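Working notes for the structure below.
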Amino acid sequence: MLKILPKFSLDSAMYSVVLLMAFVVPLSTAAASIAVGLGVIFIIVHSLRTRTFPQFDSNILEVLAVYIVCQIFIAITSWEPVTSFREVLGEVHRFFPLIFAMTFIKKREQLCSVLIASLLAFLINDVAGIYQYFVADKPRAFGLSHTPTFYGSFMLMQFPLLIFIARLEILPNLWRGISLFTAGLTLVCLVLSMTRGAWLAFIVIALIFVAIEKKYRRLAAKIFAGLAIVFLIAALVSPKIQDRLATMTDTKFQSNNERILMWESAIEIFKDYPLSGVGQKMFFRAYNEEYISPYAVERPGEIGPGHTQPHNNLLNEASEGGIVGLSAFIGLYAYFFWKFFTQLKREKNFAFGAGMTALLILAGLQLEGLTDTNMIQVPIMREFWLLAGTLIAAENILNKSR
Numbered sequence: 002m003l004k005i006l007p008k009f010s011l012d013s014a015m016y017s018v019v020l021l022m023a024f025v026v027p028l029s030t031a032a033a034s035i036a037v038g039l040g041v042i043f044i045i046v047h048s049l050r051t052r053t054f055p056q057f058d059s060n061i062l063e064v065l066a067v068y069i070v071c072q073i074f075i076a077i078t079s080w081e082p083v084t085s086f087r088e089v090l091g092e093v094h095r096f097f098p099l100i101f102a103m104t105f106i107k108k109r110e111q112l113c114s115v116l117i118a119s120l121l122a123f124l125i126n127d128v129a130g131i132y133q134y135f136v137a138d139k140p141r142a143f144g145l146s147h148t149p150t151f152y153g154s155f156m157l158m159q160f161p162l163l164i165f166i167a168r169l170e171i172l173p174n175l176w177r178g179i180s181l182f183t184a185g186l187t188l189v190c191l192v193l194s195m196t197r198g199a200w201l202a203f204i205v206i207a208l209i210f211v212a213i214e215k216k217y218r219r220l221a222a223k224i225f226a227g228l229a230i231v232f233l234i235a236a237l238v239s240p241k242i243q244d245r246l247a248t249m250t251d252t253k254f255q256s257n258n259e260r261i262l263m264w265e266s267a268i269e270i271f272k273d274y275p276l277s278g279v280g281q282k283m284f285f286r287a288y289n290e291e292y293i294s295p296y297a298v299e300r301p302g303e304i305g306p307g308h309t310q311p312h313n314n315l316l317n318e319a320s321e322g323g324i325v326g327l328s329a330f331i332g333l334y335a336y337f338f339w340k341f342f343t344q345l346k347r348e349k350n351f352a353f354g355a356g357m358t359a360l361l362i363l364a365g366l367q368l369e370g371l372t373d374t375n376m377i378q379v380p381i382m383r384e385f386w387l388l389a390g391t392l393i394a395a396e397n398i399l400n401k402s403r
């Protein structure tokens, strides 16, 4: 039976999958699922034919395995184990872009093509957002993302990668120029998303870059100061931006107040279920049926079925996973912070090298995750893990090319 399976080069097939993912993940959840599925099929067929498995990074696999074991334990103790196990399987699926990219991007030409595919997808996403805001008269741009908050998260990932591409000497000047132009559009779209958490996250990652970077610290500080002035001018002429800025510190603003009430409820859930929480995807049931504040205005039936998450990554993990889930979440991303930082230190090209880029992307998402639960969203996680794998692969490729 194995003889009837088609012959193919796994490396070539999987590189095609990664290239496809680079283009479709920012644009279409369905197309991204198909791409990931193709990758899994290619690996299974190859393994059946050769009775060998691709050589993946064992250290990262071990870290992911520990995280997944913790998630399985939480699912076993969940209020609804079937629902939680389904979420665990979905989370495993989200790690595939990381593994595929870091394993099958092996050549300089492949890295360039994957980065160009991402660049083109980013440009399309930006143009869609600008059209929505200025032509279709939408109150908030969301591009080809599901919501404006998702769009803000994508802009936080796009901008560092676009600067990385613009500075990458192995790419033709044409693509580097297009990347710099797209980075400008991305900043505009970040503002037009009206995602306040993403705005604050961008300011902090800009400060992180200025603090870490040595060679271009003064230049970076001047550029970011100029961007701040441009933003303030835009705010002066845009009532929408003014209104959005005014809500940031207004505790009586409904969105802010509802977030605070959800945070308090998440803490109460954690206190009642401290070890393993109520289970993955169970915040929705726990909050809307038992823990919703009597002061909450946004209640089930009035805003649809009700809130599904507490708008904070850490509180989401604490309420749904208890100490086990919170520790697993912190441990997983602490490992990747360490990995990106050590990569940054090894790279000769310190200013916006691959390590710096990956570090800023992860920092931006985690900072925004203090006010929005972005690290459980399928499109955002697929894009993050794909970019993480690409930037990990970039280190060896770029070192060889020097």
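Heads up: the sequence shown at position 204 corresponds to 205 in my numbering, and the numbers run straight through without jumps. The C-beta atom is built at its ideal place from N, Cα and C for all residues, glycine as well. What you are looking at is a predicted structure, and each value in this text was computed from that prediction instead of being measured.
Using the beta-carbon count (16 or more within 10 Å), is residue i buried or exposed?
i: P275; result: exposed
i: V136; result: exposed
i: S404; result: Not covered by the structure: residue 404. The range shown for the chain is 2 to 403.
i: M249; result: exposed
i: Q111; result: buried
i: E384; result: buried
i: I179; result: buried
i: V325; result: buried
i: I117; result: buried
i: A287; result: buried
i: S85; result: buried
i: Q159; result: buried
i: V298; result: exposed
i: L65; result: buried
Using 9 Å as the threshold, is the C-beta distance between residue i and residue j below it?
i: T372; j: N317; result: no
i: R260; j: P301; result: no
i: A102; j: I393; result: yes
i: L191; j: L162; result: no
i: N375; j: L366; result: yes
i: S239; j: F271; result: no
i: F54; j: I44; result: yes
i: P380; j: P27; result: yes
i: S119; j: F24; result: yes
i: Y134; j: A142; result: yes
i: M382; j: H308; result: no
i: Y406; j: N257; result: Past the edges of the chain, shown from 2 to 403, lies residue 406, and the structure says nothing about it.
i: R109; j: L399; result: yes
i: W164; j: L172; result: A small correction: the amino acid at residue 164 is Ile; Trp does not occupy that position in the sequence shown. Not in contact: I164 and L172 (Cβ atoms no closer than 9 Å).
i: F353; j: R218; result: no
i: P306; j: K241; result: no
i: G323; j: F341; result: no
Going by DSSP in three states, residue i sits in which element: helix, strand or coil?
i: P161; result: helix
i: P98; result: helix
i: P380; result: helix
i: P82; result: helix
i: P306; result: strand
i: Y296; result: coil
i: N313; result: coil
i: G144; result: coil
i: D138; result: coil
i: S29; result: coil
i: P149; result: helix
i: I42; result: helix
i: I106; result: coil
i: Q255; result: helix
i: Q56; result: coil
i: R168; result: coil
i: F353; result: coil
i: Q367; result: helix
i: V279; result: coil
i: D373; result: coil
i: S328; result: helix
i: T173; result: A small correction: the amino acid at residue 173 is Pro; Thr does not occupy that position in the sequence shown. Reduced to three states, the DSSP call for P173 is coil.
i: P240; result: helix
i: Y132; result: helix
i: E214; result: coil
i: T187; result: helix
Since I believe residue j is in contact with residue i (beta carbons under 8 Å), could you give me their beta-carbon distance rounded to a whole number of angstroms?
i: V19; j: V115; result: 6 Å
i: L361; j: F210; result: 6 Å
i: E369; j: G198; result: 4 Å
i: Y16; j: I131; result: Rounded, the Cβ-Cβ distance is 32 Å, inconsistent with contact.
i: M22; j: A33; result: 6 Å
Answer yes or no: the CB of residue i versus the heavy atoms of the ligand SAM, is any distance below 8 Å?
i: N317; result: This structure simply doesn't include the ligand SAM, nor any ligand for that matter.
Can you confirm whether the segment 140-154 touches the segment 121-130 when touching is taken to mean that 3 or more C-beta pairs between the two stretches lie within less than 8 Å? yes
Do three or more CB pairs link the segment 269-283 to the segment 77-85 at distances below 8 Å? yes
Counting Cβ pairs, one atom from each stretch, are 3 or more of them under 8 Å apart for the segment 337-349 and the segment 175-184? no
Just checking, does the segment 255-274 make contact with the segment 52-72 on the three C-beta pairs under 8 Å criterion? no
Assess contact between the segment 222-237 and the segment 381-398, defined as three or more Cβ pairs (one per stretch) separated by less than 8 Å. Is contact present? no
Quick one: any contact between the segment 324-333 and the segment 59-70, if contact means 3 or more CB pairs under 8 Å? yes
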